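The structure under discussion appears below in the form of structure tokens.
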Amino acid sequence: MESIQLRQDEFASVINLSDCSLTKPQLCVLSKGLNFSPLPSSVDRLSLRESIANFERSLRLTEFFHDSKSIDNSDFDPKLIKFRAKSSWTPPANRDKYLDSFISVVTSEIMRAPEHRAFGNLSSEERCALRDLSSNFNVVIKQADKGSAVVVMDRQRYIQEGYRLLNDTSVYQRTEATVISYTE
1 MESIQLRQDE FASVINLSDC SLTKPQLCVL SKGLNFSPLP SSVDRLSLRE
51 SIANFERSLR LTEFFHDSKS IDNSDFDPKL IKFRAKSSWT PPANRDKYLD
101 SFISVVTSEI MRAPEHRAFG NLSSEERCAL RDLSSNFNVV IKQADKGSAV
151 VVMDRQRYIQ EGYRLLNDTS VYQRTEATVI SYTE
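When we follow my numbering, the leftmost residue of the sequence shown carries the number 1, and every step to the right adds one.
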């Protein structure tokens, strides 16, 4: 009797309000909490190279513009920023030997580091369950308002509950115009 009680409490932090029945691996993954980070099965070397290149560009841009005076943006229209293509320009190397040396050492150390095979923090069943949960668009998974429970709800019910709360005139009042004031 005691072991049955322990098994029921094992997933007490997961509240399933959906019509979907959750498997044991799904409950196990959800009981780890929404801040849980699964370890990747391997390091993506291409992604790592891209991240290093972005880091190098950021460092070179900072070094290049560090003495620049602030630009007068009085005639700048922030609405136009979305129409301007993002620059991919990177300042040339060999401007600062210390920066070049730092970038070279960091890049070689990271790329040369052996790929440690970390023990995964999810079983293969849990990994599959996580994939299934993240691809199921019929449910919404949220943190409970109180406590640390994880709540699983049907998407349609979740949306209906949101509208029910918004249409509650004892809490919200409908306005005809926008009442948001912008400050600078």
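For each residue, glycine too, the CB sits at the ideal point set by N, CA and C. Nothing here was measured: the structure is a model prediction, and the numbers come from that model.
For residue i, which residues from the same chain have a beta carbon less than 7 Å from its beta carbon, with the 5 sequence-adjacent residues on both sides left out?
i      : result
Leu34  : Gln143 and Val150
Thr23  : Ala129
Asp100 : Ala93 and Asn94
Ser41  : Gly120
Just verifying my parser: in three-state terms, what is the DSSP assignment at residue i?
i      : result
Gln160 : helix
Val171 : coil
Lys24  : helix
Ile103 : helix
Ile15  : strand
Asp132 : helix
Lys79  : helix
Ile110 : helix
Ile180 : coil
Val29  : helix
Lys86  : coil
Lys97  : helix
Measuring only the C-alpha atoms, how far is residue i from residue j?
i      : j      : result
Gln160 : Leu59  : 48 Å
Ser148 : Ser31  : 10 Å
Leu165 : Val171 : 8 Å
Arg7   : Trp89  : Reliability fails at Arg7, whose pLDDT of 46 lies under 50, so the model's placement of it is uncertain and the value that follows must be treated cautiously. Approximately 58 Å between the Cα atoms of the pair.
Asn136 : Ile103 : 42 Å
Glu50  : Gly162 : 40 Å
Is residue j closer than 8 Å to residue i when the C-beta atoms are compared?
i      : j      : result
Asp19  : Glu63  : no
Val152 : Leu39  : no
Asn138 : Arg155 : yes
Pro91  : Leu46  : no
Thr115 : Val179 : This sequence places Glu at residue 115; Thr is not what is there. Taking 8 Å as the Cβ cut-off, Glu115 and Val179 do not qualify as a contacting pair.
Here's a check: name, in chain order, each residue in its chain whose Cβ is nearer than 6 Å to the Cβ of residue i, leaving out the five neighbours to either side.
i      : result
Pro25  : Glu125, Glu126 and Ala129
Leu27  : Phe11 and Val14
Val141 : The question names Val, yet the displayed sequence has Ile at residue 141. These residues qualify, in order along the chain: Val152.
Excluding sequence positions up to five away, which residues of its chain have a Cβ less than 8 Å from the Cβ of residue i?
i     : result
Leu48 : Ile110 and Met111
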